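Participant: Following this message is one structure expressed as structure tokens.
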Amino acid sequence: MKQLACICICLGLYFTVSAQEANKHVVDSIVQEGKALYRSEMASWYGTDIFLEVAKDQRNNIGGYFSYADKAVTRCVFFSKDAQPQVIGSITFDSSFNTATAVTDTASRPFTTYEMGIYSFRKNALSEIQKDTFFKVYKNTDLNLIPITGETENKVYVLTGPQVSGVVVFGNDYLLTFDKKSNQLRSKKVLHKNILPIEYSKEAAFASVHTHLPETGDYITATDICTLMLYEKMAQWSVHYVMSANFVSIWNCANNQLTTVTRASWDKRQLEGKK
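According to the numbering used here, the residues represented by the sequence shown are 5 to 279, in order.
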């Protein structure tokens, strides 16, 4: 983390650099997807805590859970272990994710048609992960599945989450895409082939950084954005940099905004800052 010192000195300069050479449509879609992943994970995080507290009698009957957006709210649904599972509870959050205003429903009911679709392609994703060594699990981590429905295809992002406190994990993440009608797997890919755990504490650095290999792509990923939004306040970061061969993605942790500059502009200004 010490190498971040010289980067942070010139922070103000980089936020003013034009991002015209970046593909705005691609970057905007990444940000939108990343924030959707974040909302889903937040609902799952807080929803699990609430459900386990209010439905203690159902703990041994939980077959799994998933979260999804429903207009202005995000709902975390828990389903049973039955051969034909049904919903055994749901927690619904507004955009603040304030647990005090969350709506808890512990009544058992069938899946809605929409929920059954999510359950189906999520189940197929889980089956694929369990049978394929393509997916890796590291010590003190777990794989988190985040289903996202789309207009032409459905997706399941797979993030690596830490099982210990004081660590943010980037990388070892995956994307599975499914046919919209059949929910059958279309493709799977690794988003980051490497894994980078970054420790943080009360004396955490002002900024954090990680590097993308060429196969990961030029820009910050949706999973990077999700991870940052989940942990940035706990880590007390103000900014995170993603360095690639052609671009530098600068994520402002205070307002959750992204600035993308060319690597050439970045390197040039770093040289000027050292003079």
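C-beta: ideal position from N, C-alpha, C; glycine also.
As the structure is a computational prediction, the values presented were derived from the model and not from experiment.
Please check the pair Leu-179 and Lys-197, which I expect to be a contact at CB under 8 Å, by giving their CB distance rounded to whole angstroms.
Facilitator: Between Lys-197 and Leu-179 the Cβ distance is about 13 Å, and since that is not below 8 Å, they are no contact.
Participant: Helix or strand or just coil, what does DSSP make of Cys-257?
Facilitator: Note: Cys-257 maps to coil in three-state DSSP.
Participant: Thr-29: buried (16+ other C-beta within 10 angstroms of its C-beta) or exposed?
Facilitator: Strictly speaking, residue 29 in this sequence is His, with Thr absent from that position. Exposed, because fewer than 16 other Cβ atoms sit within 10 Å of the Cβ of His-29.
Participant: Could you compute how far the alpha carbon of Leu-56 sits from the alpha carbon of Arg-63?
Facilitator: 7 Å
Participant: With which residues is Phe-101 paired in a DSSP beta bridge?
Facilitator: Under DSSP, Phe-101 forms no beta bridge with any residue.
Participant: So within the region 187–220, which uninterrupted beta strand (DSSP E) runs reach at least 3 residues, ignoring any that extend past its ends?
Facilitator: 189–203 and 211–215
Participant: Spatial neighbours of Glu-157 within its chain, please: C-beta separation below 6 Å, excluding the five flanking residues on both sides.
Facilitator: Thr-181 and Lys-184
Participant: Is DSSP giving Tyr-142 helix, strand or coil here?
Facilitator: coil
Participant: Would you mind stating whether Ile-34 and Thr-225 have Cβ atoms separated by less than 8 Å?
Facilitator: yes
Participant: Helix, strand or coil, according to DSSP, for Asp-271 in the structure here?
Facilitator: helix
Participant: Provide the residue span of the alpha helix (DSSP H) that contains Phe-125, from first to last.
Facilitator: 117–135
Participant: Buried or exposed: which applies to Arg-126, given that a residue is buried once 16 or more other Cβ atoms fall within 10 Å of its Cβ?
Facilitator: Its Cβ being crowded by 16 or more others within 10 Å, Arg-126 is buried.
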